[in-house]
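The sequence shown begins at 0 in numbering that gives the first Met the number 0 and counts up by one.
All residues carry an ideal CB built from backbone N, CA and C; glycine is no exception.
First up is the structure itself, then whatever we jot down about it.
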Amino acid sequence: MAKQSIFGRIATLAKANINALLDAAEDPQKILDQLVRDYTDSIVDAEGAIAETIGNLRLLEDDHRADVQNAADWGRKALAASLKADEYRAAGNAADADKFDNLAKIALQRQIGAENEARAAEPQIAAQTEVVDKLKAGLNGMKQKLEQLKSKRSELAARAKSVAAQAKVADAVKSIDILDPTSEVSRFEDKIRREEAKVRGQAELAASSLDAQFEALEDLGELSEVDARLAALKAAQKPAGIEAQTYRVIE
């Protein structure tokens, strides 16, 4: 259960959708900092659980070594009792020989019991050792991921802030679009264009008035010349006697 709970938490953290968190966050830096803290706390919890698992393994190993040692000790005791029984039997003391043979049997029984316990513990030790190795590898993987997250934290936060700044600039530019006929800038430009057109109209009107005046002067000049030529023509057509009589009447 400890192994499953530890790796289950590791898997949950590994599958965390960081992008979704960043999209929903107003401050990506806070989300990343919280993620680092959560990951660090998970590593601390994993270290505690792994340490307990390793402790249980070491207890099994200690018990196994004790069983092996006990088996060896009982084997030596059985041998010593058997040798002693042989000595008494060689000396003709059958009673003491049987006594020590019985002690040798008891020692052998104890040796067998210790050996059985040692053999029974060996599969558990092997399985627990495999679990510990996997837990250590998983813990090392978590620590590496944590370091990667820390190294990426500033970069991701900076990129998120940059994107937010670019979005604000785009919104600002969009709100002051001079091509928008409803914008203040566009209306001001239209007003200036109308004023410029009015000035051009006034200038054109003034120019037209001056042209008309000059044309009138030219027409007057032409009429004066016509009158002068008509008078000269009439004067040239009059007889000389008529002109003389005219002068006398006047006199």
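Quiz item: What whole-angstrom Cβ distance do F99 and A80 have, given they're in contact under 8 Å?
Solution: 5 Å
Quiz item: Looking at the structure shown, is G91 part of a helix, part of a strand, or coil, going by DSSP?
Solution: coil
Exercise. Alpha carbon to alpha carbon, how far is R109 from M141? Give it in angstroms, no decimals.
Key: 47 Å
Practice problem: Report the rounded CA-to-CA distance for N55 versus A65, giving the unit in angstroms. | Solution: 15 Å
Quiz item: If we count Cβ pairs, one from each stretch, closer than 8 Å, do we get three or more for the region 29 to 42 versus the region 138 to 157?
Solution: yes
Quiz item: If we call anything under 8 Å between Cβ atoms a contact, is T52 one with V130?
Solution: yes
Quiz item: Is there contact here, the region 74 to 89 with the region 102 to 122, by at least three beta-carbon pairs under 8 Å?
Solution: yes
Practice problem: Classify L232 as buried or exposed, calling it buried when 16 or more other Cβ atoms lie within 10 Å of its own Cβ. | Solution: exposed
Self-check item: A57 versus Q165 - alpha carbon distance
Solution: Residue identity differs from the one stated: residue 57 is Arg in this sequence, not Ala. Using only the alpha carbons, I get a separation of about 58 Å.
Practice problem: Pull up the distance between the alpha-carbon of A230 and that of E224, whole angstroms please. | Solution: 10 Å
Practice problem: Please name the residue in A90, E116, L148 whose C-alpha comes closest to that of I30. | Solution: L148
Self-check item: Pick from A96, D226, Q127, L138 that is closest to D44, judged by C-alpha positions
Solution: L138
Quiz item: What residues in its chain sit with their C-beta under 7 Å from that of R88, if we drop five residues either side in the sequence?
Solution: A96
Quiz item: Do L82 and the ligand FMN come close, with the Cβ less than 7 Å from some heavy atom?
Solution: Although the ligand FMN was asked about, the structure shown includes no ligands whatsoever.
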